[in-house]
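Residue 26 is where the sequence shown starts when you use our numbering, and the numbers rise one by one after that.
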Amino acid sequence: MPAALAAVLVPAAPAAFAAPAPPAAAPSAASAPAPAVEPCAPPHSATADYRAGDTVSHHGRNWSAKWWSRGENPGAGSAWADRGACAGGVSDFVIGEEEFDAIFPDRDPFYTYQGLIDALHAYPRFANVGTPQTRAREAAAFLTHADFESVGLKYVKEINEANYWRKCDDTQPFGCPAGREAYYGRGPIMFSWNFNYKAAGDALGLDLLNDPWLVERDPSIAWATALWYWNTQNGPGTMTSHDAMVGGAGFGETIRSLNGALECDGGNPQSVAARVERYERITGIVGVAPGSGLTC
């Protein structure tokens, strides 16, 4: 026993002289421990096959399949049993829904905040590494490029249909099985090219090579393809955008990783300036300083 505690202990009084013990307090709801909250399971996908017992997350709650299911959203029918709220969903992302709405006030209804939250489960380190300021800057940088590429999330797909055929690289061994004009830009960063659809689909467990239209049908898949590029591809740069923000290289290196061959090193200073201006606006909404290394 530590000496500091032993010094304040005195022998107990004989039982006959001991004061009666006070009645035990009835347990109250306030004093009862809060039930443990399960971590969020992988997000539900409208295109996946689920068997009885499979668990997914949807809109901040976990759900278990009662039987085989495909295409039925949890909560919309009888195939799913609600297992309650889960942790790792909306409340854990550094940017809240009100801030998201302020960043994209005129967005297409396709781009939901919940779709973004569901997609985050595929890349749990995104905006979740480093100091609170680092995490906020990475989230702001990612949303800046979404804002720039899709004009404030107003477009779900590329509007210049005359260019669709150009996004099929015939030199790839897998070709363009969905058609030469099927791999046009879609989603927050206008995700394009057959080789990107193939690689992202393989990483996410989706057949995007044969069904690239999934990216414009399911908002969580649209966000997931953008997160795949952000977290795993360096493009014409030397690091991924995630590494650029976490490692301190700064926003400018994310421009290089996304479109540096056309914009950086004097290629298109107007575009670089426009991206930086949007980044400064979004960091202002989020409430974090933009940091250094803004240009490329």
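The beta-carbon is built from N, C-alpha and C at its ideal position, and this holds for glycine as well.
For residue j and residue i, the rounded distance between their alpha carbons
| i | j | result |
| --- | --- | --- |
| P68 | T250 | 14 Å |
| L252 | G210 | 15 Å |
| G272 | S296 | 24 Å |
| A319 | G277 | Per the sequence presented here, residue 319 reads as Leu, with Ala not at that position. Between L319 and G277, the C-alpha separation is close to 4 Å. |
| E124 | R150 | 21 Å |
| P244 | T137 | 7 Å |
| P213 | W105 | 30 Å |
| R303 | K182 | 21 Å |
| A161 | G309 | 11 Å |
| A19 | A203 | The structure shown does not extend to residue 19, since the chain is modelled only from 26 through 321, so no value can be given for it. |
| C201 | S175 | 24 Å |
| I120 | R86 | 19 Å |
| Q158 | F199 | 42 Å |
| G100 | W88 | 8 Å |
| F173 | D268 | 20 Å |
| P134 | G177 | 12 Å |
| A165 | S82 | 25 Å |
| I307 | H170 | 11 Å |
| A299 | E305 | 10 Å |
| D131 | E122 | 14 Å |
| V301 | L141 | 23 Å |
| N293 | A66 | 43 Å |
| N98 | D107 | 12 Å |
| T196 | E288 | 26 Å |
| N235 | N259 | 25 Å |
| E186 | F216 | 15 Å |
| D227 | P237 | 12 Å |
| F118 | T257 | 20 Å |
Beta-carbon contacts of residue i that lie in its chain and below 6 Å, excluding the five residues immediately before and after
| i | result |
| --- | --- |
| A286 | P261 |
| A224 | none |
| F167 | W255 |
| D79 | A90 |
| S266 | W255, T279, S282 |
| R205 | W190, C193 |
| D336 | Missing from the structure shown is residue 336; the chain here goes from 26 to 321 and no further. |
| V154 | V271 |
| A144 | S245, W248, A249, L252 |
Buried or exposed by the 16-neighbour rule on C-beta atoms within 10 Å, applied to residue i
| i | result |
| --- | --- |
| T156 | exposed |
| I128 | buried |
| N221 | buried |
| T263 | exposed |
| K179 | exposed |
| E163 | buried |
| S116 | Because S116 sits at a pLDDT of 46, beneath the cut-off of 50, its placement in the model cannot be relied upon, and the point is left open. |
| S317 | exposed |
| I184 | exposed |
| A152 | buried |
| N284 | buried |
| G312 | exposed |
| S53 | Bear in mind that a pLDDT of 41 at S53, under 50, signals an unreliable position, so the number given afterwards is only what the model happens to contain. Exposed: under 16 other Cβ atoms inside 10 Å. |
| A274 | buried |
Endpoints, the beta strand (DSSP E) within which residue i is located
| i | result |
| --- | --- |
| H83 | 80 to 83 |
Where the alpha helix (DSSP H) containing residue i begins and where it ends
| i | result |
| --- | --- |
| A90 | Where A90 is concerned, there is no enclosing alpha helix (DSSP H), although the beta strand (DSSP E) it sits in stretches over 86 to 90. |
| P244 | 244 to 257 |
| Q197 | Where Q197 is concerned, there is no enclosing alpha helix (DSSP H), given that its DSSP letter is neither H nor E. |
| T308 | 294 to 311 |
| E174 | 157 to 174 |
| E123 | 122 to 128 |
| M270 | 266 to 272 |
| Y138 | 138 to 145 |
| G285 | 276 to 288 |
| Y227 | As written in the sequence, residue 227 is Asp, which differs from the Tyr given in the question. Element bounds for D227: 219 to 229. |
Close beta carbons around residue i, own chain, < 7 Å, minus the five adjacent residues each side
| i | result |
| --- | --- |
| L239 | T72, L231, L233, I246 |
| A147 | L229, A249, L252 |
| W218 | K192, D194, Y208 |
Close Cβ partners of residue i (< 8 Å) along its chain, the five nearest in sequence each way excluded
| i | result |
| --- | --- |
| D290 | C321 |
| S103 | K91 |
| V13 | Nothing can be reported for residue 13: it is not among the residues displayed for the chain, which extend from 26 to 321. |
| A77 | A90, K91, W92, W93 |
| D126 | Y138 |
| N188 | Y209 |
Distance cut-off 8 Å: residue i Cβ against heavy atoms of the ligand COA
| i | result |
| --- | --- |
| P237 | Of ligands this structure carries none, so the ligand COA is not represented either. |
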